[in-house]
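Trainee: In the working numbering, the protein residues as written are 15 to 610. Heads up, the beta-carbon is just placed ideally off N, CA and C, and yes, glycines get one too. Note that the coordinates shown come from a computational prediction; the quantities given were computed from them, not determined experimentally.
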Amino acid sequence: MRSRTHHHTISCLVIAAASAWTYSCSDDESRPSEAVIGNFGSLSLAVCNAAMRCCDRGEINLMMGPYVDVDNCSERYTDRARFAAGAAVDMPELGLRVAVPNVGAVKEAVDDGRVRIDNVALTACQAYLDALPCNELLTDTEDEPTCELPPPPVETPCDPTKIFIGLVDEGGRCTSPGASLECRPGLICFGNPLLGVFGECARPGRIGEACFADGACETNLYCSQLDGSCQPLRAEGETCVFADRENAAPHPTTLLVRCQAGLSCDPITDTCVAPCQRGAVCVDATDCDEEQDLKCIVGRCDRERVAGLPCALGTDCEEGLRCSVDPEDSEKQICQERLGSGEPCTAHAECSSDFCDPSDESCGVKVAPGSACPTGLDPQCDVGSCEPESVSCITNADCPLSGLCNLATNVCSGYCVALRPEGAICTANAECATEACVVGFCRELPLLSGQACTTHEQCESEFCSYDEERVCAKAPLSLGERCLTDDECESQVCFGAAAAEFDTCINGLDEGEACGGPAQARCNPHKSFCDADASPVSCAPLHEAGEDCDSPIQCRGDCVIRFGRTMCDATVDPTEIAICDGSDPMLIPAAEAVAE
15 MRSRTHHHTI SCLVIAAASA WTYSCSDDES RPSEAVIGNF GSLSLAVCNA AMRCCDRGEI
75 NLMMGPYVDV DNCSERYTDR ARFAAGAAVD MPELGLRVAV PNVGAVKEAV DDGRVRIDNV
135 ALTACQAYLD ALPCNELLTD TEDEPTCELP PPPVETPCDP TKIFIGLVDE GGRCTSPGAS
195 LECRPGLICF GNPLLGVFGE CARPGRIGEA CFADGACETN LYCSQLDGSC QPLRAEGETC
255 VFADRENAAP HPTTLLVRCQ AGLSCDPITD TCVAPCQRGA VCVDATDCDE EQDLKCIVGR
315 CDRERVAGLP CALGTDCEEG LRCSVDPEDS EKQICQERLG SGEPCTAHAE CSSDFCDPSD
375 ESCGVKVAPG SACPTGLDPQ CDVGSCEPES VSCITNADCP LSGLCNLATN VCSGYCVALR
435 PEGAICTANA ECATEACVVG FCRELPLLSG QACTTHEQCE SEFCSYDEER VCAKAPLSLG
495 ERCLTDDECE SQVCFGAAAA EFDTCINGLD EGEACGGPAQ ARCNPHKSFC DADASPVSCA
555 PLHEAGEDCD SPIQCRGDCV IRFGRTMCDA TVDPTEIAIC DGSDPMLIPA AEAVAE
């Protein structure tokens, strides 16, 4: 796996300051809500500090807007929480996401005694934001595991259930439908905002209790459409159920008994399975465990299938079976028994003999090596290939190899030759027991590094060099090596002079060099782009995240519209640069505070 940028994610619902909220409850002191408003700016300051400490001006432009700076950041985000129904601070480049509901609603809830704020938890949240590390590059080069369950979300001190404690009992009024902000722990605010502001705090459904939707059930439960009751998500190895239990390829929305996040329901065994395991959802073979000989068959990891199960290719079925149209459903294909001798056929794979005789379009019988193969087709031979005997003849006696004269053409029939072993001389794949004739010899595929090759597909490395004597090698290629495309080069530039026999991998043109001509190399893609607006046209430095752009070619990543402007986004190669890594930071003084 390529080096990646660390993202330290904060996913929290915050309504007030992240500093300690100290207020007295004596009659002479102000109402609790005044402390809420007076300290709310400290959360905005903590968020702004994290961004300004790690991100440069361009990155701030991309995440927060070009009009947000050190002097106004805290005030702007405090105002968003005061005047918006709900404000979200979403900075995925920094791994920071903070949702902020309306401060006025919080003030009213605190004064009414519907919410209590845990000041110790607020202090811990602010300390967490203040200590949030900047992103950095990873140096590991191992492939990222794809056959493991995703890790659970990281819990942070800014979890809203730790900061805001609901005080409303069951049956009491609440104003935050779906959330339990005002309701006591364990309760949910049920209500329809279209019918009024207030809902009712109620206990969510427990296991086995009636429901219509997931939101009516306790956390970690869902509403099973099997019987309309709240149920726990099933773990690996436990039973899951689709609506049509006889369908081996059901639609995912018909799942009645669900599995835990990251697991798949195997419709054949009705069991929850882990990623890459047999029965798991897949897109291609890379999603399946090769060590278990699994392949991706009709969207599921599986071994070669038995008769009656869905398939897409003949290789999806067990040996001796074919993949053909389901007699009961013309829009589907299933694995079926192969056809017997004499039965009508259209392809060799349909016949149990692996030979469909084109002369009468029926499954034929193979012949042994040394016997005539009148069709001239290799599949007519049993463990061999059909070789032509190009000899004129009048009788069978004129054909010493095949012993059969075609009287319609007066040319000897072809004859079957036994397959040749590994290392034997050959001219075609069909002549080899290995099914591969490479550079004149029968070879077992895939070929190892250094072995002679003619195509990339023959090599274990999936790359066959362009040397005078082509051999299997590894890509991407180093500078100076022969290449055919840019993607084959580590430098991403494959270029050669017009008179050169081969192109080679080069660094590309440097900043300021002329570019864009048919006989010129491309600019170094790691550093620059060809600026067609320059006079003369020349290589210019790539624009960084948050800088203005007109086209994606100008950016390390893409050119997107943000805050009414086109600017470069942060989709960069993480092996070259880290977004918000603390370089050229825009610090806000730690002692600064925003208060009304």
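#1: Output the residue ranges of the beta strand (DSSP E) runs that lie fully inside the stretch 538-569 and measure 3 residues or longer, sorted by chain position.
#2: Helix, strand or coil for residue 40 per DSSP?
#3: For residue 390 versus residue 428, is the C-beta spacing smaller than 8 Å?
#4: State yes or no: is the C-beta of residue 553 within less than 8 Å of the C-beta of residue 563?
#5: In its own chain, which residues sit with a C-beta less than 7 Å from the C-beta of residue 82, not counting the 5 before and 5 after it?
#6: Kindly indicate the opening and closing residues of the alpha helix (DSSP H) around residue 175.
#7: Would you please verify whether the beta carbon of residue 181 is less than 8 Å from any beta carbon of chain B?
#8: According to DSSP, is residue 349 helix, strand or coil?
#9: Could you tell me the distance, in whole angstroms, from the CA atom of residue 481 to the CA atom of residue 535?
#10: So for residue 594, helix, strand or coil by DSSP?
#11: Taking only the alpha-carbon atoms, compute the straight-line gap between residue 155 and residue 558 and give it to the nearest angstrom.
#12: From residue 29 to residue 85, what does the alpha carbon distance come to, in whole angstroms?
#13: Following the continuous alpha helix (DSSP H) through residue 342, name the residue where it begins and the one where it ends.
#14: Are the CB atoms of residue 287 and residue 280 within a distance shorter than 8 Å?
#15: Nearest to residue 228 by alpha carbon, out of 221, 244, 213?
#16: Should residue 516 go down as buried or exposed, given a rule of 16 or more other Cβ atoms within 10 Å for buried?
#17: What are the boundary residues of the beta strand (DSSP E) that includes residue 130?
#18: So is residue 164 buried or exposed if we call it buried at 16+ other beta carbons inside 10 Å?
#19: For residue 235, write down the residues that DSSP places opposite it in a beta bridge.
#20: Across which residues does DSSP place residue 164 in a beta bridge pair?
#21: Taking the continuous alpha helix (DSSP H) assigned at residue 59, which residues delimit it?
#22: Starting from the Cα of residue 393, find the closest Cα among 420, 406, 432 and give me that residue.
#23: Is residue 1 near residue 293, with beta carbons less than 8 Å apart?
#24: Going by beta carbon distance, what residues of the same chain come within less than 8 Å of residue 185, once the five residues before and after it are set aside?
#25: For residue 263, which residues from the same chain have a beta carbon less than 6 Å from its beta carbon, with the 5 sequence-adjacent residues on both sides left out?
#26: Spatial neighbours of residue 64 within its chain, please: CB distance less than 8 Å, with the 5 preceding and 5 following residues excluded, ordered by chain position.
#27: Cα-Cα, which of 567, 566, 59 is closest to residue 140?
#28: Excluding the 5 residues preceding and the 5 following residue 406 in the sequence, name in chain order all residues of the same chain whose CB lies nearer than 7 Å to its CB.
#29: What three-state label does DSSP hand residue 30 in the structure shown?
#30: Name the one or two DSSP bridge partners that residue 214 has.
#31: Mind the definition here: the stretch 459-474 touches the stretch 410-423 only if three or more C-beta pairs lie below 8 Å; say whether that holds.
#32: In terms of residues, what are the limits of the beta strand (DSSP E) holding residue 76?
#33: Can you check whether the CB of residue 555 is closer than 8 Å to the CB of residue 541?
#34: Out of 526, 546, 532, 547, which has the shortest C-alpha to C-alpha gap to residue 538?
#35: Can you give me the Cβ contacts of residue 464 inside the same chain, cut-off strictly under 6 Å, excluding the 5 residues immediately before and after it?
#36: Enumerate in chain order the residues of its own chain whose CB-to-CB distance from residue 530 is below 7 Å, with the five nearest sequence positions on each side excluded.
Mentor: According to the data block:
#1: Within the stretch 538-569, complete beta strand (DSSP E) segments of at least 3 residues are found at 542-545, 552-555, given in chain order.
#2: Low per-residue confidence applies at residue 40: pLDDT is 46, beneath 50, and the placement is therefore not dependable, though the value from the model is reported in the following sentence. Three-state DSSP puts residue 40 in coil, outside helix and strand.
#3: Between residue 390 and residue 428, the CB-CB gap stays under 8 Å.
#4: no
#5: Answer for residue 82: 74, 90, listed in chain order.
#6: Counting along the chain, the unbroken alpha helix (DSSP H) around residue 175 starts and ends at 174-177.
#7: Structure shown: chain B not included; a single protein chain is present.
#8: strand
#9: 22 Å
#10: coil
#11: Note that residue 155 has pLDDT 44, beneath the 50 cutoff, so the model's placement of it is unreliable and the number below is only indicative. Cα to Cα, residue 155 sits roughly 25 Å from residue 558.
#12: Unreliable placement is indicated for residue 29, whose pLDDT of 37 sits below 50; the coordinate value is still reported in the next sentence. Their backbone Cα atoms lie some 23 Å apart in a straight line.
#13: Per DSSP, residue 342 belongs to no alpha helix (DSSP H) and is neither H nor E.
#14: The answer is yes: Cβ separation under 8 Å.
#15: Residue 228 has its Cα closest to that of 244, out of 221, 244, 213.
#16: exposed
#17: Residue 130 -> beta strand (DSSP E) spans 129-131.
#18: exposed
#19: 246
#20: Its beta-bridge partners do not exist; DSSP assigns none.
#21: 55-68
#22: 432
#23: There is simply no residue 1 to check, as the chain begins at 15 and stops at 610 in what is shown.
#24: 214, 215, 216
#25: 312, 324
#26: 108, 110, 143, 144, 146
#27: Nearest to residue 140 by alpha-carbon distance, out of 567, 566, 59, is 59.
#28: Within the same chain, residue 406 has close Cβ partners 424, 425.
#29: Low per-residue confidence applies at residue 30: pLDDT is 36, beneath 50, and the placement is therefore not dependable enough to give any value.
#30: 187, 204
#31: no
#32: Careful: residue 76 lies outside any beta strand (DSSP E), inside the alpha helix (DSSP H) at 71-78.
#33: yes
#34: 526
#35: 485
#36: 544, 546, 551
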